[in-house]
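Number of protein chains: 2
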Amino acid sequence: MTENRQIIIDSLPTDRLEPGNYALRTVDAPAPGDGEVLCRTLAITIGAGQRAGLQGSASYAGAPRAGIVMSGTAVARVEASNDDAVPLGSLVVCPAGWQDYSVHAAAKVRVVGEGDGVGDPAHHLGVYGTNGLTAYFGLFDVGEPKKGQTVLVSAAAGSVGHLVGQMAKIAGCRVVGVAGGEAKCRLLTEELGFDAAADYKSPSFRSDFKEATPDRVDIYFDNTGGEVLGSALRRMKVGGRIVCCGVVSQYDTSKPAPGPFGVPGLLINFRVRMEGFLVFDYAKRYPEAWTRMREWVEGGKLVPKQDVFEGLEKAPEAFVDLLAGGNVGTRIVRVAS
Amino acid sequence: MTENRQIIIDSLPTDRLEPGNYALRTVDAPAPGDGEVLCRTLAITIGAGQRAGLQGSASYAGAPRAGIVMSGTAVARVEASNDDAVPLGSLVVCPAGWQDYSVHAAAKVRVVGEGDGVGDPAHHLGVYGTNGLTAYFGLFDVGEPKKGQTVLVSAAAGSVGHLVGQMAKIAGCRVVGVAGGEAKCRLLTEELGFDAAADYKSPSFRSDFKEATPDRVDIYFDNTGGEVLGSALRRMKVGGRIVCCGVVSQYDTSKPAPGPFGVPGLLINFRVRMEGFLVFDYAKRYPEAWTRMREWVEGGKLVPKQDVFEGLEKAPEAFVDLLAGGNVGTRIVRVAS
Numbered sequence: 001m002t003e004n005r006q007i008i009i010d011s012l013p014t015d016r017l018e019p020g021n022y023a024l025r026t027v028d029a030p031a032p033g034d035g036e037v038l039c040r041t042l043a044i045t046i047g048a049g050q051r052a053g054l055q056g057s058a059s060y061a062g063a064p065r066a067g068i069v070m071s072g073t074a075v076a077r078v079e080a081s082n083d084d085a086v087p088l089g090s091l092v093v094c095p096a097g098w099q100d101y102s103v104h105a106a107a108k109v110r111v112v113g114e115g116d117g118v119g120d121p122a123h124h125l126g127v128y129g130t131n132g133l134t135a136y137f138g139l140f141d142v143g144e145p146k147k148g149q150t151v152l153v154s155a156a157a158g159s160v161g162h163l164v165g166q167m168a169k170i171a172g173c174r175v176v177g178v179a180g181g182e183a184k185c186r187l188l189t190e191e192l193g194f195d196a197a198a199d200y201k202s203p204s205f206r207s208d209f210k211e212a213t214p215d216r217v218d219i220y221f222d223n224t225g226g227e228v229l230g231s232a233l234r235r236m237k238v239g240g241r242i243v244c245c246g247v248v249s250q251y252d253t254s255k256p257a258p259g260p261f262g263v264p265g266l267l268i269n270f271r272v273r274m275e276g277f278l279v280f281d282y283a284k285r286y287p288e289a290w291t292r293m294r295e296w297v298e299g300g301k302l303v304p305k306q307d308v309f310e311g312l313e314k315a316p317e318a319f320v321d322l323l324a325g326g327n328v329g330t331r332i333v334r335v336a337s
Numbered sequence: 338m339t340e341n342r343q344i345i346i347d348s349l350p351t352d353r354l355e356p357g358n359y360a361l362r363t364v365d366a367p368a369p370g371d372g373e374v375l376c377r378t379l380a381i382t383i384g385a386g387q388r389a390g391l392q393g394s395a396s397y398a399g400a401p402r403a404g405i406v407m408s409g410t411a412v413a414r415v416e417a418s419n420d421d422a423v424p425l426g427s428l429v430v431c432p433a434g435w436q437d438y439s440v441h442a443a444a445k446v447r448v449v450g451e452g453d454g455v456g457d458p459a460h461h462l463g464v465y466g467t468n469g470l471t472a473y474f475g476l477f478d479v480g481e482p483k484k485g486q487t488v489l490v491s492a493a494a495g496s497v498g499h500l501v502g503q504m505a506k507i508a509g510c511r512v513v514g515v516a517g518g519e520a521k522c523r524l525l526t527e528e529l530g531f532d533a534a535a536d537y538k539s540p541s542f543r544s545d546f547k548e549a550t551p552d553r554v555d556i557y558f559d560n561t562g563g564e565v566l567g568s569a570l571r572r573m574k575v576g577g578r579i580v581c582c583g584v585v586s587q588y589d590t591s592k593p594a595p596g597p598f599g600v601p602g603l604l605i606n607f608r609v610r611m612e613g614f615l616v617f618d619y620a621k622r623y624p625e626a627w628t629r630m631r632e633w634v635e636g637g638k639l640v641p642k643q644d645v646f647e648g649l650e651k652a653p654e655a656f657v658d659l660l661a662g663g664n665v666g667t668r669i670v671r672v673a674s
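As they're listed, the protein sequences go chains W and H. Straight run, no breaks: the first sequence in this note's numbering ends on number 337. Straight run, no breaks: the second sequence in this note's numbering ends on number 674.
Right, dumping it as structure tokens:
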């Protein structure tokens with residue numbers, strides 16, 4: 001039998017996640033049944049939202065428990081197929097989890113193109129995956145940016161944020177990013193076209209942030225919640241919108257903080273709309289987003305960033321580092337080529 | 338000269354407001370200049386939002402200071418006029434403040450009808466005043482209720498809440514009120530047509546609230562913020578809306594609490610839209626609301642409640658009692674008849 005390495009949840013984190021919350025085990029690779037395919041994991045993506053999935057019932061990701069393979073989306077190669085719709089050799093995106101091999105009903109995997117300009121198959125996990133789709137529908141459908149407006153993005157160098165900011169530039173907006181550390185802030189303004197950036201870890205953040213938003217903020221794309229949300233609430237323009245996409249500031253703990261001061265008072269004073277969304281609700285419109293994002297990427301207007309760890313065994317470390325703000329763009333763990 | 342009693346802010350409250358934060362003084366009544374009218378206050382309305390005005394710059398009501406007449410809206414009789422548009426004897430609504438007499442530019446007062454079915458002139462401060470207009474535009478324009486939906490209202494026996502709930506019934510909704518105390522809850526269900534009510538002061542509030550919202554909540558009209566908002570966030574339906582109207586739980590203090598847990602996380606999980614509004618933004622559409630509310634009141638579908646203190650000198654006490662949740666419907670201080 002072929003060996004299948006799996007990374008399992010060994011214990012649920014009680015405070016900050018640690019690599020020791022995971023364990024590696026080796027089992028036999030599964031065999032596909034009728035209508036199923038065997039997928040060889042090539043690369044896994046890790047998102048901060050998965051940490052919320054470890055908090056239990058509070059999250060949309062469902063209840064976690066020790067002893068199961070850590071969940072995760074992968075790009076994979078079909079190595080055995082019992083369904084003609086997904087032939088041997090297909091490149092697919094599937095909910096593989098953190099392991100070398102997984103079996104899925106053929107209808108549950110998405111066959112993706114290759115060799116047609118996408119480049120690295122891992123882009124199907126980033127700009128053409130949940131991150132890109134989240135950026136697209138969150139910004140355009142929930143945020144509704146108009147030319148000339150100011151769009152603020154938190155976790156702006158992150159998997160979703162770095163795409164949101166670039167899309168907002170494409171929409172003709174002034175774009176301000178909040179990120180942790182000087183290096184990320186420089187990346188935003190020097191490489192990704194952001195108009196301004198503020199480092200939330202800097203002691204001068206308050207004044208830097210104010211200076212970066214002289215005309216206040218029309219649309220705040222919030223990936224963090226917490227203190228950055230609190231700061232943003234005070235800089236909203238009358239009639240502004242807050243797109244609630246993620247709460248990364250509150251994921252890596254079992255004791256989330258209360259909401260920011262000024263909720264709901266500042267929403268009233270500034271007549272602000274704050275709206276949460278989940279990208280899965282837009283599934284029927286994914287093709288529209290893929291078409292537009294492909295045009296932007298091929299035209300050089302949208303630059304997807306990846307941030308790669310090599311080897312399945314590095315996944316726990318890659319996740320912990322991500323939660324500490326270590327990533328730029330989509331975090332990828334390469335498992336095989 | 339005619340004497341003019343005034344209630345002035347003697348000191349800004351540092352924690353809970355007390356009657357001692359105000360002082361009564363007597364001055365000469367003012368004389369109207371060119372284009373001005375002299376108004377004799379008949380009744381003043383007091384709303385919890387005015388407490389926010391004493392917190393300083395955090396509020397839309399502007400910065401308060403000791404030594405000035407306490408602000409407030411009144412219904413008044415014109416006792417001298419230097420503008421033909423507002424003749425002597427007119428009944429008007431004006432920003433009189435807490436005093437017997439005030440002078441205003443004629444263009445700044447609103448002449449209101451009388452003897453045409455409105456009944457008590459003080460209704461111009463309640464159902465036909467800011468309270469009614471706030472209920473109307475907040476519910477219909479921000480909340481957008483559809484027949485059969487569940488509408489939840491906090492401070493449901495309050496000046497705005499008791500009207501919101503009745504309007505939601507008119508819209509064909511199931512209406513649930515949260516209020517403080519059994520007596521108020523009984524009023525809601527037995528007199529005002531609410532389908533259910535839950536007493537937030539009861540030790541069984543959590544289970545009572547859950548029982549009162551078996552199908553969860555489509556629209557939450559939030560007058561309180563704080564813990565009731567926190568409870569409501571956990572009972573929203575996917576795609577629900579929260580209408581942010583007031584934050585009475587946070588007004589009577591100089592140290593407002595942080596926002597509720599679950600902001601913004603629960604907004605994401607449940608794809609909830611939370612939106613603040615100020616009624617003044619709808620000024621051009623007030624006539625539409627007055628027309629519809631008159632029909633409802635005359636048809637017996639909308640029952641405006643008043644809660645009256647007699648005498649200008651009682652205004653501070655009426656305010657403090659209101660902040661402690663003492664009122665049912667619009668709080669009125671009658672000054673003269």
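Here a beta-carbon is modelled for each residue, glycine too, at the ideal position from N, C-alpha and C. Please read all numbers here as calculations on a predicted model, not as lab measurements.
Outcome for residue i when other beta-carbon atoms lying within 10 angstroms are tallied against a minimum of 16
{"i": "ASP559 of chain H", "result": "buried"}
{"i": "LEU425 of chain H", "result": "exposed"}
{"i": "LYS305 of chain W", "result": "buried"}
{"i": "ASP352 of chain H", "result": "exposed"}
{"i": "MET338 of chain H", "result": "exposed"}
{"i": "ASP644 of chain H", "result": "buried"}
{"i": "ASP34 of chain W", "result": "exposed"}
{"i": "VAL328 of chain W", "result": "buried"}
{"i": "THR363 of chain H", "result": "exposed"}
{"i": "THR291 of chain W", "result": "exposed"}
{"i": "SER90 of chain W", "result": "buried"}
{"i": "ARG206 of chain W", "result": "exposed"}
Option nearest residue i by Cα separation, candidates the options
{"i": "GLY495 of chain H", "options": "H:ARG608, H:LEU659, H:VAL672, H:ARG671", "result": "H:LEU659"}
{"i": "GLY475 of chain H", "options": "H:ASP644, H:ARG622, H:ALA534", "result": "H:ARG622"}
{"i": "VAL513 of chain H", "options": "H:ALA569, H:PHE477, H:THR471, H:VAL479", "result": "H:ALA569"}
{"i": "ASP420 of chain H", "options": "H:LYS445, H:PRO432, H:LEU349, H:PRO367", "result": "H:LYS445"}
{"i": "THR149 of chain W", "options": "W:GLU298, W:VAL92, W:VAL238, W:ASP15", "result": "The amino acid at residue 149 of chain W is misidentified as Thr; the sequence shows Gln. Looking at the Cα atoms, W:VAL238 is the closest of the given residues."}
{"i": "PRO64 of chain W", "options": "W:ASP10, W:HIS104, W:PRO121, W:ARG77", "result": "W:ASP10"}
{"i": "LEU604 of chain H", "options": "W:ARG271, W:LEU278, W:PHE205, W:LEU267", "result": "W:LEU278"}
{"i": "LEU302 of chain W", "options": "W:GLU191, W:MET70, W:GLN99, W:PRO121", "result": "W:GLU191"}
{"i": "GLN50 of chain W", "options": "W:LEU17, W:ARG40, W:PRO30", "result": "W:LEU17"}
{"i": "ALA293 of chain H", "options": "H:PRO356, H:ALA493, H:GLY409, H:ALA433", "result": "Because chain H is modelled from 338 through 674, residue 293 of chain H falls outside the range shown and cannot be assessed."}
CB of residue i within 8 Å of CB of residue j, strictly
{"i": "GLY259 of chain W", "j": "PRO593 of chain H", "result": "no"}
{"i": "ALA411 of chain H", "j": "ALA380 of chain H", "result": "yes"}
{"i": "CYS173 of chain W", "j": "VAL142 of chain W", "result": "no"}
{"i": "TYR438 of chain H", "j": "ASN341 of chain H", "result": "yes"}
{"i": "GLY466 of chain H", "j": "VAL423 of chain H", "result": "no"}
{"i": "PRO316 of chain W", "j": "ILE7 of chain W", "result": "yes"}
{"i": "THR382 of chain H", "j": "THR561 of chain H", "result": "no"}
{"i": "GLY602 of chain H", "j": "VAL247 of chain W", "result": "yes"}
{"i": "VAL103 of chain W", "j": "LEU38 of chain W", "result": "yes"}
{"i": "SER491 of chain H", "j": "VAL464 of chain H", "result": "no"}
{"i": "THR471 of chain H", "j": "CYS582 of chain H", "result": "yes"}
{"i": "PRO369 of chain H", "j": "ALA413 of chain H", "result": "no"}
{"i": "ASP532 of chain H", "j": "ASP545 of chain H", "result": "no"}
Cα-Cα separation, residue i to residue j
{"i": "PRO203 of chain W", "j": "CYS185 of chain W", "result": "15 Å"}
{"i": "ALA395 of chain H", "j": "ASP218 of chain W", "result": "Reliability fails at ALA395 of chain H, whose pLDDT of 46 lies under 50, so the model's placement of it is uncertain and the value that follows must be treated cautiously. Approximately 20 Å, taken between the alpha carbons."}
{"i": "GLU625 of chain H", "j": "GLY577 of chain H", "result": "26 Å"}
{"i": "GLY181 of chain W", "j": "THR189 of chain W", "result": "13 Å"}
{"i": "SER337 of chain W", "j": "LYS169 of chain W", "result": "34 Å"}
{"i": "MET167 of chain W", "j": "GLN503 of chain H", "result": "45 Å"}
{"i": "GLU647 of chain H", "j": "GLY599 of chain H", "result": "43 Å"}
{"i": "ALA283 of chain W", "j": "LEU163 of chain W", "result": "19 Å"}
{"i": "PRO13 of chain W", "j": "ASN21 of chain W", "result": "6 Å"}
Contact with chain B by residue i, beta-carbon distance below 8 Å
{"i": "GLY475 of chain H", "result": "Given the protein chain composition of this structure (W and H), no chain B is represented."}
Compile a chain-ordered list of the residues in the stretch 271–300 of chain W whose CB is closer than 7 Å to at least one CB of chain H.
Hits within the stretch, in order: ARG271, VAL272, ARG273, MET274, GLU275, GLY276, PHE277, LEU278, ASP281.
With 7 Å as the C-beta to C-beta threshold (strictly closer), list the residues of the stretch 190–224 of chain W near chain H in chain order.
For the stretch 190–224 of chain W, the set of positions with a beta-carbon nearer than 7 Å to some beta-carbon of chain H reads ASP222 in chain order.
For the stretch 249–270 of chain W, which residues have a beta carbon sitting closer than 8 Å to at least one beta carbon of chain H?
Correct list: GLN250, PRO256, ALA257, PRO258, GLY259, PRO260, PHE261, GLY262, VAL263, PRO264, GLY265, LEU266, LEU267, ILE268, ASN269, PHE270.
Along the stretch 104–116 of chain W, what residues have a CB closer than 8 Å to any CB found in chain H?
none
Under 7 Å (Cβ pairs) to chain H, residues found in the stretch 309–333 of chain W:
none
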